[in-house]
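J.: Mind having a look at this structure? Questions to follow.
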Amino acid sequence: WGEVIAPLTTVVNTMGGTWFTEDWEPRLTAPEFKKATKFYVDLVREHGELGAPQSGYAECLNNMTQGKTAMWYDATAGAGSLEAKGSPVKGKIGYVPAPVEETKSSGWLYTWA
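For the sequence shown, the numbering used here gives the first residue as 0, with consecutive numbering after it.
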């Protein structure tokens, strides 16, 4: 989805990139970062919903709950709503870790402020 950078960050990380070095030197033009960003943008453009760059958490959750979305790449934070009593998609969704390329996992640490 487009409003937040967490999903892109996991792609950057697993393709060997990073936003900054340990000394806070930007790495946005590094080959790994550029490769990951191109992959992510191409994937969203080719297979994402219309208006993906403007789709935030609420829009994605609503589309998934209404059965309008086949896949949503996010943390498990939405699972409580998707699997809640009365949810039309309860028990119909599978959950798996994101794919990896250079790393052993693709998780992220994120906070809502």
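All C-beta atoms in this analysis are idealised placements derived from N, C-alpha and C, irrespective of residue type, glycine included. As the structure is a prediction and not an experimental result, all values here were calculated from the model.
From the DSSP secondary-structure annotation, give me the bridge partner or partners of Pro25.
T.: According to DSSP, Pro25 bridges with Phe19.
J.: Quick check: what's the CA-CA separation for Pro98 versus Ser104?
T.: Looking at the two C-alpha atoms, the distance is approximately 8 Å.
J.: State buried or exposed for Asn61, treating a residue as buried only when at least 16 other CB atoms are found within 10 Å of its CB.
T.: Exposed, by the Cβ-count rule.
J.: Is Tyr72 helix, strand or coil by DSSP?
T.: Coil, per DSSP.
J.: How many Å lie between Trp71 and Asp22 at the Cα?
T.: Computed Cα separation, rounded: 34 Å.
J.: Under 8 Å: do the segment 45-54 and the segment 75-91 share three or more Cβ pairs, one atom per stretch?
T.: The segment 45-54 vs the segment 75-91: no contact.
J.: Around the Cβ of Leu7, are there at least 16 other Cβ atoms within 10 angstroms (buried) or fewer (exposed)?
T.: It counts as buried.
J.: Within 10 angstroms of its Cβ, does Ala35 collect 16 or more other Cβ (buried), or is it exposed?
T.: Buried, because 16 or more other Cβ atoms sit within 10 Å of the Cβ of Ala35.
J.: Please identify the residue among Tyr94, Gly66, Val40 and Gly15 whose C-alpha is closest to the C-alpha of Pro87.
T.: Pro87 has its Cα closest to that of Gly66, out of Tyr94, Gly66, Val40 and Gly15.
J.: Are the CB atoms of Glu2 and Gly15 nearer to each other than 8 Å?
T.: Result no, Cβ atoms of Glu2 and Gly15 do not sit closer than 8 Å.
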